[in-house]
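Enquirer: Position 4 of the sequence shown, counting from 1, maps to 4 under the UniProt record's numbering, and the rest follow consecutively.
Note that CB positions come from ideal geometry on N, CA and C, so glycine has one too.
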Amino acid sequence: MMKVLIVDDDKLVRKGLLSAMPWTSFSMEVVHDAASGEKALEWLEGNEADILFTDLAMPVMSGIELMREVRRLYPEMYIVVLTLHQNFEYVQEALRLGAIDYIAKIQLEKEHFEEVLGRIRKRIAEEEAKRYDGAARDPGHSSSRMQQPETVNIGSAQPQLPQLPQEGQGHKYSPEVVESIRAAVAIMHAELDQPLYAVDVSRRVNMSRSYFNQCFKDLVGQPFNDYLRWCRIEQAKVYLRETSKPIPWIAGRTGYLDEKYFSRVFRRLTSMLPSEYRQHCRSHRSAPVDERL
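#1: If the criterion is Cβ atoms closer than 7 Å, does the pair residue 2 and residue 50 meet it?
#2: Going by DSSP, name the residue or residues bridged to residue 272.
#3: Which value, in whole angstroms, describes the spacing of the CA atoms of residue 174 and residue 209?
#4: Would you mind sorting residue 274 into buried or exposed? The rule is 16 or more other CB atoms within 10 Å of its CB.
#5: Can you look up residue 84 in the DSSP assignment and give me helix, strand or coil?
#6: Can you check the UniProt domain "Response regulatory" (3-120) for any alpha helix (DSSP H) of at least 4 residues that lies completely inside it and give the ranges in chain order?
#7: If you check the beta carbons only, do residue 295 and residue 98 fall under 7 Å apart?
#8: On a Cα-Cα basis, can you pick out the residue from 4, 196, 269 that is closest to residue 40?
#9: I need the DSSP call for residue 195, collapsed to helix, strand or coil.
#10: Counting along the chain, where does the alpha helix (DSSP H) carrying residue 189 start and finish?
#11: Go ahead and label residue 15 buried or exposed: buried means 16 or more other beta carbons lie within 10 angstroms of its beta carbon, across all protein chains shown.
See the structure below:
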């Protein structure tokens with residue numbers, strides 16, 4: 001579940017959003033609501049949220065000012081802005097500050113709540129894709145300096161799980177932490193066709209997000225997002241080699257909603273388009289497959 005923080009000086013709006021929206025249907029839960037930006041920042045000092053829903057026109061600290069502080073202190077938090085009127089100057093400033101969506105409050109009476117949350121979830125997926133894309137293009141990013149895990153078996157039915165330390169082997173983490181990371185890796189392999197976020201997986205294995213990210217990188221050898229991308233592409237390679245399923249189907253089964261984005265990622269990691277990789281495998285059936293692919 002992604003944790004939602006609602007900030008609005010109108011109590012009725014806060015309670016209305018809390019009770020009317022089908023949060024759980026979109027893997028979200030409202031963990032707190034605040035009447036002002038100051039109270040929201042105070043709450044965030046000791047608590048975590050993944051998505052901020054904030055009104056723009058609030059007294060003392062406006063929604064724009066709150067957004068600036070959140071961007072500075074919690075740059076990974078997603079922001080959705082609420083506005084009573086379609087004040088496009090406010091909205092444009094909010095979008096410049098990184099808001100992923102805005103909701104005119106009057107629209108909540110006209111639109112289906114499912115459509116609103118569905119659109120927000122889609123925007124989050126798009127933002128995640130951009131972050132992955134940007135990280136992979138950064139020559140100084142850790143993934144460009146790392147070798148891929150050596151445990152993959154090119155002829156296997158699916159990518160193998162990495163060999164994590166066993167109890168008694170020298171490492172700095174407790175057996176409980178190692179088991180939690182092992183469980184997280186198993187979740188990733190089992191749910192490659194689903195949206196997967198470190199924040200959600202960390203909660204499922206009962207770890208805080210920051211500590212989970214640190215432990216995952218140390219024990220698996222790659223950051224969560226890099227390893228997830230590698231798993232998705234390795235599974236896609238299996239489908240391309242061993243089935244005749246169309247590429248859009250393979251993209252969907254490996255967690256990519258956009259076939260074109262899937263093809264870009266695949267090409268970046270393999271130096272081939274999915275169709276080229278499939279043709280390469282078919283033309284070399286009798287020869288050993290190059291494990292660098």
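Expert: Result, derived from the coordinates:
#1: yes
#2: Answer is none; residue 272 lacks a bridge partner.
#3: 17 Å
#4: buried
#5: coil
#6: 11-20, 37-44, 63-73, 88-96
#7: Because the chain in this structure spans residues 1 to 293, residue 295 falls outside the shown range and cannot be described.
#8: 4
#9: coil
#10: 175-190
#11: exposed
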